[in-house]
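Reading through the structure tokens given below for one structure.
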Amino acid sequence: MPTQHRRQLLTLALLSPLAPWAQAHGSRPHGHQGHHAPLVKEQKPWGIAAEPREARRTIEILMTDDMRFSPAHIDVREGETLRLRAVNRGQVMHEIVIGTRQELEEHAEMMKKHPNMEHDEPYMAHVEPGQRGDIVWTFNRPGDFEFACLIPGHFEAGMRGTIRVRPRNS
0 MPTQHRRQLL
10 TLALLSPLAP
20 WAQAHGSRPH
30 GHQGHHAPLV
40 KEQKPWGIAA
50 EPREARRTIE
60 ILMTDDMRFS
70 PAHIDVREGE
80 TLRLRAVNRG
90 QVMHEIVIGT
100 RQELEEHAEM
110 MKKHPNMEHD
120 EPYMAHVEPG
130 QRGDIVWTFN
140 RPGDFEFACL
150 IPGHFEAGMR
160 GTIRVRPRNS
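In terms of numbering that gives the first Met the number 0, the sequence shown opens at residue 0 and continues consecutively.
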């Protein structure tokens, strides 16, 4: 058995007794990004990660099992830092990932081929049913971007939204 696989099994064995505790104490936001891990601030075409204290506005985005986001469109001013609070009102896992249309389409195809692929980026939140996850993001580039659920089948069913970042001086 490869070493990495052994480590993953050992980690699961050690953490599984904690699952009931985590479920009972599930009021904290859930996302890909570890809450004790340092925030990785890498410039992307759609902006850069931000610290929670930098958010000036929170937009709650509901995710449902009809494979829709509400709202499905967000308007942002260039330079604005938002907290996107993804709330899963469904009975299945959903996620929200920000990106360009091309990057989201490529990522969705990769997820179909590797549905258990682990990914952890500050521009995504993986949200269990009945839970919420936050993305805090500075939209420092104008343009049209998207957000989507890339869980296999969800993207194809239309679980997508748009973000328009208007230039500062418009």
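Don't be surprised by glycine CBs; every beta carbon is placed ideally from N, CA and C. None of these values were measured; they are calculated from a predicted model.
Cutting at 6 Å between CB atoms, please list the residues of its own chain near residue i, excluding the five before and the five after it.
i	result
A71	G160
P51	V135
Kindly give me the distance between the Cβ atoms of residue i and residue j, rounded to whole angstroms, as I take these residues to be in contact under 8 Å.
i	j	result
R165	W45	The pair is not a contact, with the Cβ atoms about 14 Å apart (cut-off 8 Å).
G78	R163	Going by Cβ atoms, the distance from G78 to R163 rounds to 14 Å, so no, they are not a contact pair.
I60	L83	6 Å
Expressed to the nearest angstrom, what Euclidean distance is found between the alpha-carbon atoms of residue i and residue j?
i	j	result
P37	T63	30 Å
K40	M158	26 Å
T137	K112	31 Å
R56	I134	12 Å
E104	M110	10 Å
Q101	A49	23 Å
Output needed for residue i: all residues of its chain with C-beta closer than 8 Å, excluding positions within five of it in sequence on either side, in chain order.
i	result
D143	T161, I162, R163 and V164
In chain order, what residues of the same chain have a beta carbon less than 7 Å from the beta carbon of residue i, not counting five sequence neighbours either side?
i	result
M66	H153, A156, G157 and M158
How should residue i be labelled, buried or exposed, when 16 other C-beta atoms within 10 angstroms of its C-beta is the threshold for buried?
i	result
M116	exposed
Do the segment 120-133 and the segment 80-93 touch if we need at least three Cβ pairs shorter than 8 Å?
Flag = yes, the segment 120-133 and the segment 80-93 touch.
Report yes or no: do the segment 147-156 and the segment 128-139 share at least 3 C-beta pairs separated by less than 8 Å?
Contact fails: fewer than three Cβ-Cβ distances are below 8 Å.
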